[in-house]
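>
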Amino acid sequence: MITTRTFGAAVVVLVLMMTLVKRVSEPPKLFGNYASLQWATVQVLNGCLVNGADLLEQRYAEYRALIAKRETDPLAFKFLEFGMGSGEPIPPKGAAASPCNTGGVYHDELAEAQTTANDYAKTYAALRPVAEQAERFFRPGLDNEFSPEVNEQLRRLIDQTRIQSIPFRQALEQPQLVVRAQQLQTIEASTGHDQHWHTLRFMLLARQTINALDAMSSGASLTPLQLLAMQQSLDNARLEADAFVKALPRLRAKGDKPPIWSVTTASAKDWLDQLARLQQHWAAGADAPELNKDLADARTGYDLLLTTYNAAVGSDY
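So for the sequence shown, numbering that gives the first Met the number 0 puts the first residue at 0; every next one is plus one.
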């Protein structure tokens, strides 16, 4: 028989466990109004990349696939929309806001990121009317024949947004790293090595490694042994993050989503495999074409890792 004392102790343990899980699940908070405002600005700009530029690429790929399918199946109506939201500052009732309303935030330290974001937002807004015309091709009940002219105009404007997103991504990455480094210190001081600390630590180490490879391409000194040391630090950070998340099977992120690391770990492992291949070939004295290919693969793998991480983070962290 379970005694009252035993039952009471079990309840206390359960409450403590629930408190611990809640604590490690909550997103980190920055101390200080300035840091919080700066991070809020980075969130707005990052939301434009994730929910604007990245989603646009995904939906455009779906659109192109459906256009090709409609050549043999005129009744194909599976395309939803490009997800660009309303172009109005205050969206009409029932309409979503644009993910790229970037003009209302400003910090001197983020001037370059905000300038490139605003340039991207203008290109994005210019695309919206044509995208809306293209969406009408797939709406049942509307007598809208496919227009090659609209399709070509859409392609050209998509290319322009793609080009404009490059400096935007580059300008935003460093502010993201700076503020996330501040977060890393804040997390360690407030909650210790929780899921957010492990994920941020890995992403910061990853960026430092890519920076070192980029600097080497520009003439800076880097040896295979130094790259091996970076790779080992990254692998240790990955294993520690994996172990932390696996030890807490009920761990969740904000909004009852899977932990950010659970979403990111596969891309992290793939990228580390590419990094290891580059290091091994370099140490073995491989020729330049092979090393250039390995370096390009490592950069592509990092871009995929960063895209996966940013999509998982969204505007929550």
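All C-beta atoms in this analysis are idealised placements derived from N, C-alpha and C, irrespective of residue type, glycine included.
1) Is it buried or exposed, P174, if we count other Cβ atoms within 10 angstroms and call 16 or more buried?
2) Can you grab the Cα-Cα spacing for the pair L317 / Y119, in whole Å?
3) Between which two residues does the alpha helix (DSSP H) containing K268 stretch?
4) Using a Cβ-Cβ cutoff of less than 8 Å, which residues in the same chain neighbour Q57 once the five nearest sequence positions on both sides are dropped?
5) Name the two residues that bound the continuous alpha helix (DSSP H) containing L55.
6) Do you know offhand how far L171's Cα is from N45's?
7) Helix or strand or just coil, what does DSSP make of N32?
8) If you draw a straight line from the C-alpha of V244 to the C-alpha of A252, how long is it?
9) When you compare only the Cα positions, how much space is there between R155 and I186?
10) So what does DSSP say about A170, is it helix, strand or coil?
11) Ignore the nearest five residues each way along the sequence and tell me which others in A52's own chain have a CB closer than 6 Å to its CB.
12) Would you please state the rounded distance, in angstroms, between the beta carbons of S319 and L303? I believe it to be under 8 Å.
13) Using a Cβ-Cβ cutoff of less than 6 Å, which residues in the same chain neighbour R298 once the five nearest sequence positions on both sides are dropped?
14) Buried or exposed: L109, going by 16 or more other Cβ atoms within 10 Å of its Cβ?
15) Check whether the Cβ atoms of A240 and F201 sit closer than 7 Å, and answer yes or no.
16) Taking 8 Å as the threshold, find out whether the segment 189-201 comes into contact with the segment 280-292 through three or more Cβ pairs.
17) Could you give the distance in angstroms between the alpha-carbon of E151 and the alpha-carbon of G102?
18) Spatial neighbours of R276 within its chain, please: C-beta separation below 6 Å, excluding the five flanking residues on both sides.
19) Report buried or exposed for L305, applying the criterion of at least 16 other Cβ atoms within 10 angstroms of its Cβ.
20) How many angstroms separate the CA atom of A287 from the CA atom of L250?
21) So, with DSSP's three-state summary, where would you put K256?
Taking the coordinates as given:
1) Its Cβ being crowded by 16 or more others within 10 Å, P174 is buried.
2) Lying outside 0 to 316, the shown extent of the chain, residue 317 is not represented and no answer is given.
3) Looking at the DSSP string, the run of the alpha helix (DSSP H) that includes K268 is I259 to A282.
4) Cβ neighbours of Q57 beyond the five flanking positions: none.
5) Unbroken alpha helix (DSSP H) run through L55: L54 to R69.
6) Here the C-alpha atom of L171 lies approximately 8 Å from the C-alpha atom of N45.
7) Because the pLDDT at N32 is just 45, under 50, the model does not fix this residue reliably, and the point stays unresolved.
8) Whole-angstrom Cα-Cα distance: 11 Å.
9) R155 and I186: Cα-Cα distance of roughly 44 Å.
10) When secondary structure is reduced to three states using DSSP, A170 falls in the helix class.
11) Only S164 meet the Cβ criterion.
12) Since the first and last residues shown for the chain are 0 and 316, residue 319 lies out of range.
13) Apart from sequence neighbours up to five positions away, no residue of its chain approaches R298 with a beta-carbon distance below 6 Å.
14) Label assigned to L109: buried.
15) One thing to note: A240 has its Cβ within 7 Å of the Cβ of F201.
16) Of all C-beta pairs linking the segment 189-201 to the segment 280-292, fewer than three are shorter than 8 Å, placing the two stretches out of contact.
17) E151 and G102: Cα-Cα distance of roughly 29 Å.
18) Around R276: D293.
19) Per the 10 Å Cβ criterion, buried.
20) Cα to Cα, A287 sits roughly 45 Å from L250.
21) Correct three-state label for K256: strand.
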